[in-house]
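The structure under discussion appears below in the form of structure tokens.
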Amino acid sequence: MKELSLNILDITENSVKAKATLVEIAIEENDDILTIAVTDNGIGMTEQTLLSVTNPFYTTRTTRKVGLGIPLLKFAAEQTGGGIEIVSKHVYKYPKEHGTRIFAKFFKKHIDFTPLGDVISSIVTLVQGHPDVDFVFKHTHPQKNLSVLFDTREVREVLEGIPLDSFEILTWIKDNLTEQYAQGQ
Ligand SMILES: Nc1ncnc2c1ncn2[C@@H]1O[C@H](COP(=O)(O)OP(=O)(O)O)[C@@H](O)[C@H]1O
Ligand SMILES: [Mg+2]
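Residue 118 in our numbering is what sits at position 70 of the sequence shown, and the numbering runs on without skipping anything.
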């Protein structure tokens, strides 16, 4: 993929498919390293899924033969000298604290580093596609004074029942994120 924001979209779609009600996307950067952590409270993976999940020919879906979301993220990270880590607790074994965390680390100065791209569009796309799921988005880059924080639970509280996927709300989210990014240097 040409932009890491598309990988993020893909990884977060997995969380939604796993029936997560809350997904946190956290990007932390400094001048050398970028990390992405996607944490959800979905049903989690069985041990067998967890073992197979970085294999590009593994998927629990039946409509298409090849699952690629996680292998593509792994590839994008490894080609910079970084890598991924997955921790998952399946609901059968952990009925109260199930969920998945996927962490990826990238070395930004490597020639094969994929730029982050349009992460605002990815967030708006996620909210638009899944207005009933809560998303927390964080992006920090201390050297650039960047500290973006967005939480649909806070927006929902103010909106008192207005769905998040209405045009006005999506536009507001996009503008809010754009403004927060503009505050970094
Ligand atoms: N956040 C998650 N929670 C639970 N299961 C997951 C999660 N992410 C991935 N999986 C499991 O790993 C499989 C492979 O994921 P992925 O590589 O994105 O391929 P695909 O989504 O095309 O199946 C999924 O089919 C699903 O069974
Ligand atoms: Mg997927």
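Positions of the beta carbon are idealized from the N, C-alpha and C atoms, including for glycine. The structure presented is a predicted model; accordingly, all values stated were derived computationally and were not measured.
The beta carbon of residue 170 sits closer than 6 Å to those of 53, 56, 57, all from its chain and outside the five residues before and after it, given in chain order. Under the DSSP assignment, residue 51 falls outside any beta strand (DSSP E); it carries neither an H nor an E label. Under the three-state reduction of DSSP, residue 74 is assigned to strand. For the 9 Å CB-CB criterion, residue 74 and residue 89 do not form a contact. Under the 8 Å Cβ criterion, the region 203-220 counts as touching the region 173-191, having at least three qualifying pairs. Per DSSP, reduced to three states, the secondary structure at residue 101 is coil, with no helix or strand assignment. Listed in chain order, the non-local C-beta contacts of residue 135 below 6 Å within the same chain comprise 149, local neighbours out to five positions each way being set aside.
If you look at residue 124, you'll find it in the alpha helix (DSSP H) that goes 117-126. In the DSSP annotation of this structure, residue 214 is not part of any alpha helix (DSSP H), being labelled neither H nor E. By DSSP's assignment, residue 184 forms a beta bridge with 72, 199. Under the Cβ criterion (8 Å, minimum of three pairs), the region 113-128 counts as touching the region 153-173. Secondary structure in the region 128-190: the alpha helix (DSSP H) runs of 4 residues or longer, each lying completely within the stretch, are 167-177 in chain order. C-alpha of residue 133 to C-alpha of residue 182: approximately 23 Å in a straight line. Three or more Cβ pairs closer than 8 Å define a contact, and the region 217-231 falls short of that threshold against the region 117-125. For residue 66, the secondary structure class from DSSP, reduced to helix, strand or coil, is coil.
The beta carbon of residue 60 is closer than 7 Å to those of 71, 73, 86, 174 in its chain, skipping five residues each way along the sequence.
With a threshold of 8 Å, the Cβ atom of residue 141 does not count as near ligand 1, since no heavy atom of the ligand is closer than that. Proximity of the beta carbon of residue 177 to ligand 1 is not indicated: no heavy atom of the ligand is located closer than 8 Å. With respect to the 9 Å criterion, residue 162 and residue 184 are not classified as neighbours on the basis of their beta carbons. Excluding residues up to 5 positions away in sequence, nothing lies with its Cβ nearer than 8 Å to the Cβ of residue 99 in the same chain.
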